[in-house]
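Asker: The opening position of the sequence shown corresponds to residue 254 in this note's numbering, with each subsequent residue numbered one higher. Just so it is clear, CB atoms sit at the ideal spot from N, CA and C, and this is done for glycine as well. All values reported here derive from a predicted model rather than from experimental measurement. Take a look at the following structure, please.
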Amino acid sequence: MTEIQCVYCMQTKTISSYSKREHVLPQAFGLFSNNFTLDQEVCDDCNKYFGDNLEIDLARDTFEGLSRFDYGLKKNSEYKSLGRRSRLVIKVAEGQFKGALVYLEYSQETDKLMIRPVKQIGFLRAEDSEYAYFSLDKVPNKSELDNQRVDLTRHNAVIALGMSSEEAKEILAMRGIILKSWGDAESLEPFEDAWNVEVTANIDSTLFRAIAKIAFNYFVYCEGANLARQAGFNTIRSYILYGIQPDYRLVDILERPILADEAVVGRRRLGHLVTINWSGDHKSIVAMVSLFNLNTYSVSLSRDFLGAVQSLPKGHFFNIANRQILPLQAL
Ligand SMILES: [Zn+2]
């Protein structure tokens, strides 16, 4: 009976344990007419682990994942908020409620993602007359407010968003803050998605591992499983599968686009990019990954690699507009 060694767990299993195809790029980021897949190289256990643990977070809880709705890879009606567990912090970027914490919610009425305020209390800062907003678990107490020179006697010194003024008063009272007069709490109506928001994403090791998997998948796809099974790739393998981090960084975010002719800020081609190449000193193999051509991630696939690799550099562009995957020199 045919047996195959999985390129991730390195276990040798019968062919029946390889019934699923591993997509080089998770399907959540688009299907392409010539999808890149690994067939009979990643065992079903590893494939399922990746889907349940790495890809789901990459798709649902990153700036890139959110961009799937902007670019039509996902319907607005399929949006699910992760609520307080989310790694994304979304704030109003300008206008009356600048700095307010918001979340996205699907509206059936408009078929759009709308922005709604989370429960929070804002205090008018003396220095710039803008509000500093605090989620309910972070509302400062009276002495902290005094230190920050918030003058509670000022008109509209405090506003509550996403909640009633009664509820806000109770929370303030628990912090030793009693307001003499306070009308109705300001209400923040849901905004359309066109509202200017700032998204801050916490990128943790689960997400870095999901990116590293795309890079290593691509390497296996281009260079073949035999090469990828060499010991030089054990470090990246155990990082992706088990989260074991060596004493150097395997995944980094770079402040520049992958394509040399594109600007750091401004319009870029719409698609995903994956490349592999030798490092500058020709000792290590490094991949670059960018989803929607937004953040650029570099992934160290193998440090001080001693073997031969046929065809570096190599890269592909996953074009979202026409769903074609193109080799990079064809761009
Ligand atoms: Zn496996």
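Quick one: is the Cβ of glutamate 293 within less than 7 angstroms of any heavy atom of ligand 1?
Answerer: Just to set this straight, residue 293 is glutamine in the shown sequence, not glutamate. No; taking the cut-off as 7 angstroms, the Cβ of glutamine 293 has no heavy atom of ligand 1 nearer than that.
Asker: Mind checking whether the beta-carbon of aspartate 298 lies closer than 7 angstroms to any heavy atom of ligand 1?
Answerer: Checking the Cβ of aspartate 298 against ligand 1 gives yes.
Asker: If I measure Cβ to Cβ from leucine 494 and keep anything under 8 angstroms in the same chain, skipping five residues before and after, which residues do I get?
Answerer: Around leucine 494: Tyr261, Cys262, Cys299, Tyr302.
Asker: Would you check whether ligand 3 has a heavy atom nearer than 7 angstroms to the C-beta of tyrosine 492?
Answerer: Of the ligands one can find in the structure shown, namely ligand 1, none is ligand 3.
Asker: How about lysine 372 and glycine 415: are their beta carbons less than 8 angstroms apart?
Answerer: In contact: lysine 372 and glycine 415 (Cβ atoms closer than 8 angstroms).
Asker: Rounded to whole angstroms, what's the CA-CA distance from leucine 311 to isoleucine 464? Just pull it up for me.
Answerer: Near 8 angstroms, if we compare the C-alpha coordinates of isoleucine 464 and leucine 311.
Asker: Could you check if cysteine 262 belongs to the surroundings of ligand 1, using beta carbon to heavy atom distance under 7 angstroms?
Answerer: Result yes, Cβ under 7 angstroms from ligand 1.
Asker: Here's the rule I'm using: 16 or more other beta-carbon atoms within 10 Å means buried, otherwise exposed. How should isoleucine 343 be labelled?
Answerer: By the neighbour-count rule (16 or more Cβ atoms within 10 Å), isoleucine 343 is buried.
Asker: What is the DSSP secondary structure of glutamine 373, reduced to helix, strand or coil?
Answerer: Of the three classes helix, strand and coil, the one that applies to glutamine 373 here is strand, per DSSP.
Asker: So, with DSSP's three-state summary, where would you put alanine 438?
Answerer: Low per-residue confidence applies at alanine 438: pLDDT is 49, beneath 50, and the placement is therefore not dependable enough to give any value.
Asker: Aspartate 437 to isoleucine 412, Cα distance in whole Å?
Answerer: At aspartate 437 the pLDDT is 48, less than 50, meaning the model places this residue with poor confidence; the figure from the coordinates comes in the next sentence. Those two C-alpha atoms are separated by around 9 angstroms.
Asker: Please list the terminal residues of the continuous alpha helix (DSSP H) segment that includes isoleucine 343.
Answerer: Unbroken run through isoleucine 343 is the beta strand (DSSP E), 341-345; no alpha helix (DSSP H).
Asker: If distances are taken between C-alpha atoms only, which option among Ser330, Lys391, Lys395 comes closest to threonine 363?
Answerer: For the residues Ser330, Lys391, Lys395, the minimum Cα distance to threonine 363 belongs to Ser330.
Asker: Once you ignore the five residues that flank glutamine 293 on each side, which residues in its own chain have a CB closer than 7 angstroms to its CB?
Answerer: If we look at glutamine 293 and ignore the five residues flanking it on each side, its Cβ neighbours are Ile257, Ile268, Tyr271.
Asker: In its own chain, which residues sit with a C-beta less than 6 angstroms from the C-beta of aspartate 446, not counting the 5 before and 5 after it?
Answerer: A caution first: aspartate 446 carries a pLDDT of 49, below 50, which makes its placement in the model too unreliable to give a value.
Asker: Please list the segments of the alpha helix (DSSP H) lying wholly inside the segment 496-545, counting only runs of 4 or more residues, in order along the chain.
Answerer: Counting whole runs of 4 or more residues, the segment 496-545 contains no alpha helix (DSSP H) stretch at all.
Asker: Short check: CB of isoleucine 467 to CB of glycine 524, under 8 angstroms?
Answerer: Contact flag unset, no.
Asker: Roughly how many angstroms lie between the CA atoms of proline 510 and valine 527, to the nearest whole one?
Answerer: Each residue's alpha carbon lies about 12 angstroms from the other.
Asker: Indicate, with yes or no, if ligand 1 has a heavy atom lying under 7 angstroms from the CB of cysteine 259.
Answerer: Yes.
Asker: In three-state DSSP terms, what is alanine 353?
Answerer: Looking at alanine 353 - three-state DSSP - the assignment turns out to be coil, as it is neither helix nor strand.
Asker: Assign asparagine 409 to one of three DSSP states: helix, strand, or coil.
Answerer: Note: asparagine 409 maps to coil in three-state DSSP.
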